[in-house]
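Engineer:
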Amino acid sequence: MSDTAYVVFTVFSQMAVGALIAMVIADFVGKEKKFFETASWVIVPVAIISIVAILSHEARPLLAMMTMSANLGSSWLSRESLMLTIFTVLAVIYTCLWVFEPEYGSFKRISGTIHGLIAKIAKPFVPFRKPIGVIFALVGIAFLYTSAKAYMLMGLPAMNHITTLLFFIVTALLTGTMLVTAFLSIKYRMAPEEYAEPLSSYLGVVWKVVLGSVIAGIIILAGYLQILKGPAVSHGAELAQGMTLANILSGEMTTIFWLYLIIGFILSVILVAAVAALRKKDVSKAAVLSILLFASVLIGEILGRIVFFGANVPLGEVMPYVIPPII
Numbered sequence: 298m299s300d301t302a303y304v305v306f307t308v309f310s311q312m313a314v315g316a317l318i319a320m321v322i323a324d325f326v327g328k329e330k331k332f333f334e335t336a337s338w339v340i341v342p343v344a345i346i347s348i349v350a351i352l353s354h355e356a357r358p359l360l361a362m363m364t365m366s367a368n369l370g371s372s373w374l375s376r377e378s379l380m381l382t383i384f385t386v387l388a389v390i391y392t393c394l395w396v397f398e399p400e401y402g403s404f405k406r407i408s409g410t411i412h413g414l415i416a417k418i419a420k421p422f423v424p425f426r427k428p429i430g431v432i433f434a435l436v437g438i439a440f441l442y443t444s445a446k447a448y449m450l451m452g453l454p455a456m457n458h459i460t461t462l463l464f465f466i467v468t469a470l471l472t473g474t475m476l477v478t479a480f481l482s483i484k485y486r487m488a489p490e491e492y493a494e495p496l497s498s499y500l501g502v503v504w505k506v507v508l509g510s511v512i513a514g515i516i517i518l519a520g521y522l523q524i525l526k527g528p529a530v531s532h533g534a535e536l537a538q539g540m541t542l543a544n545i546l547s548g549e550m551t552t553i554f555w556l557y558l559i560i561g562f563i564l565s566v567i568l569v570a571a572v573a574a575l576r577k578k579d580v581s582k583a584a585v586l587s588i589l590l591f592a593s594v595l596i597g598e599i600l601g602r603i604v605f606f607g608a609n610v611p612l613g614e615v616m617p618y619v620i621p622p623i624i
């Protein structure tokens with residue numbers, strides 16, 4: 298799989314998980330369910346984009362999907378693909394519990410045999426949407442763990458650390474939360490008088506989650522760079538980590554790395570501070586800034602993931618320097 302496919306797959310799959318978590322939070326803290334319902338639509342399309350990305354490197358993607366179960370016992374990549382498929386199915390179910398809600402769901406007035414059947418199946422489960430959402434969110438978190446393990450390999454020393462999982466969690470929280478928020482901000486702009494209060498209330502939760510995630514991301518990044526400097530399990534691993542660090546700080550990925558810091562962290566902190574300050578005084582401006590904040594965190598995470606994969610030096614590349622040739 299090319300680095301582009303890795304970047305799209307990991308960022309968008311994590312964004313889908315974060316979006317579902319954000320919708321679960323909205324279900325618990327939001328009073329105006331009609332306002333939040335529309336945002337439930339964003340989860341599944343984002344998850345599907347990630348599935349397309351993970352299959353894009355396969356010459357025969359359908360065959361790859363059918364044979365992935367054969368390697369579940371030994372391959373984290375197969376487990377990752379399976380977990381994403383399960384999560385996507387659960388995301389479809391969770392979305393149905395919103396859109397087929399009898400009082401405010403988008404599909405409540407749509408007639409037809411299929412719609413009627415789905416609505417009838419979903420109706421008894423709608424009152425239990427909150428606990429169901431929590432369970433599905435936990436499955437999403439399990440997917441993040443599985444996905445991280447697929448890259449935490451001995452042959453990839455720079456990725457074989459807990460920071461990989463932590464990076465994935467931060468990406469999910471940042472991009473997923475802001476995807477839902479941006480969607481709600483657009484909906485607010487269509488009916489500002491009706492949705493000013495619920496958006497303002499939701500932004501009161503969002504800015505804390507995003508700011509906390511950005512701060513966590515800075516701490517994790519600093520720890521990751523320090524790990525790359527430190528000792529490793531072997532001389533080869535230490536050499537690979539050192540070369541990865543050089544690629545980040547003074548190599549081909551340096552420019553992208555600095556853009557990642559500026560857009561993903563500095564600009565995001567400025568925007569989230571502005572959103573926090575304006576959410577009560579001027580919700581309209583806060584909504585516009587929320588859309589810009591989503592763009593900032595998404596671009597930042599994509600840039601960071603490009604650096605994460607692009608700067609990485611596999612163990613195999615340094616082994617010729619570790620093992621002297623036999624003459």
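Using this note's numbering, the letters of the sequence shown correspond one by one to residues 298 to 624.
By construction, the Cβ of each residue, glycine as well, lies at the ideal position given by its N, Cα and C atoms.
#1: For M449, which of F465, L435, V436 has the nearest alpha-carbon?
#2: Suppose contacts are defined by Cβ-Cβ distances below 7 Å. Is K582 in contact with L575 by that definition?
#3: Nearest to E398 by alpha carbon, out of G548, I383, M550, F332?
#4: So is T541 buried or exposed if we call it buried at 16+ other beta carbons inside 10 Å?
#5: State buried or exposed for E377, treating a residue as buried only when at least 16 other CB atoms are found within 10 Å of its CB.
#6: Taking the CB atoms as reference points, tell me whether L470 and S444 lie closer together than 7 Å.
#7: CB W395 to CB S310, shorter than 7 Å?
#8: Could you check whether the Cβ of S498 sits closer than 7 Å to any Cβ belonging to chain B?
#9: By DSSP, does S497 sit in helix, in strand, or in coil?
#10: Between the Cα of M320 and those of T335, W504, V308, spot the shortest distance and give me the residue it belongs to.
#11: Taking the CB atoms as reference points, tell me whether Y557 and G601 lie closer together than 7 Å.
#12: Do the segment 469-486 and the segment 494-504 meet, that is, are 3 or more Cβ pairs less than 8 Å apart?
#13: Taking 7 Å as the cut-off, decide whether the C-beta atoms of Y401 and K330 are in contact.
#14: Can you find the residues in the same chain that come closer than 6 Å, C-beta to C-beta, to N544, ignoring five residues on each side of it along the sequence?
#15: Mind checking V572: buried by the 16 CB within 10 Å criterion, or exposed?
#16: Using CA coordinates, which residue listed in P342, I432, L381 is at the minimum distance from T307?
#17: Which residues in the same chain have their Cβ closer than 7 Å to the Cβ of E598, if we skip the five residues on either side of it in sequence?
#18: What residue from L317, S587, W373, V594 has the CA that sits closest to V626's CA?
Structural biologist: Checking against the coordinates, here is how it stands:
#1: On the sequence shown, residue 449 is found 152 positions in, with the first residue counted as 1. Nearest C-alpha to M449: F465.
#2: For the purposes of this step, residue 582 is identified with residue 285 of the sequence shown, where counting begins at 1. For the purposes of this step, residue 575 is identified with residue 278 of the sequence shown, where counting begins at 1. For K582 and L575, yes; Cβs fall inside 7 Å.
#3: Residue numbering aside, residue 398 sits at position 101 when the sequence shown is read from its first letter. Each of G548, I383, M550, F332 was checked against the Cα of E398, and the nearest Cα belongs to F332.
#4: Taking the first residue of the sequence shown as position 1, residue 541 is located at position 244. By the neighbour-count criterion, in which 16 or more other beta carbons inside 10 Å mark a residue as buried, T541 falls on the buried side.
#5: On the sequence shown, position 80 is the one that residue 377 refers to. Per the 10 Å Cβ criterion, buried.
#6: Against the sequence shown, residue 470 aligns to sequence position 173. Against the sequence shown, residue 444 aligns to sequence position 147. No; because the gap between Cβ atoms is not below 7 Å, this pair is not in contact.
#7: Taking the first residue of the sequence shown as position 1, residue 395 is located at position 98. Taking the first residue of the sequence shown as position 1, residue 310 is located at position 13. No, the pair does not count as a contact, with Cβ atoms beyond the cut-off.
#8: Although the question refers to chain B, the structure presented lacks it and comprises just one protein chain.
#9: On the sequence shown, residue 497 is found 200 positions in, with the first residue counted as 1. If DSSP states are grouped into helix, strand and coil, S497 belongs with the helices.
#10: Looking up residue 320 in the sequence shown gives position 23. The residue among T335, W504, V308 with its C-alpha nearest the C-alpha of M320 is T335.
#11: Here residue 557 refers to the residue found at position 260 of the sequence shown. Here residue 601 refers to the residue found at position 304 of the sequence shown. By the CB criterion at 7 Å, Y557 and G601 fall inside the cutoff.
#12: Contact holds: three or more Cβ-Cβ distances are below 8 Å.
#13: Here residue 401 refers to the residue found at position 104 when the sequence shown is read from its first residue. Here residue 330 refers to the residue found at position 33 when the sequence shown is read from its first residue. For Y401 and K330, yes; Cβs fall inside 7 Å.
#14: Residue numbering aside, residue 544 sits at position 247 when the sequence shown is read from its first letter. For N544, where only same-chain residues beyond five positions count, the Cβ hits under 6 Å are M550, A608.
#15: Counting from one through the sequence shown, the residue named residue 572 turns up at place 275. V572 should be labelled buried.
#16: Taking the first residue of the sequence shown as 1, we reach residue 307 at position 10. Out of P342, I432, L381, L381 has the C-alpha closest to the C-alpha of T307.
#17: What you label residue 598 is simply residue 301 of the sequence shown in a count that begins at 1. Non-local C-beta neighbours of E598 in its own chain, meaning closer than 7 Å and more than five positions away in sequence, comprise V308, T468, L471, T472, G561, ordered along the chain.
#18: Here the chain comprises residues numbered 298 to 624, so residue 626 is not present and cannot be evaluated.
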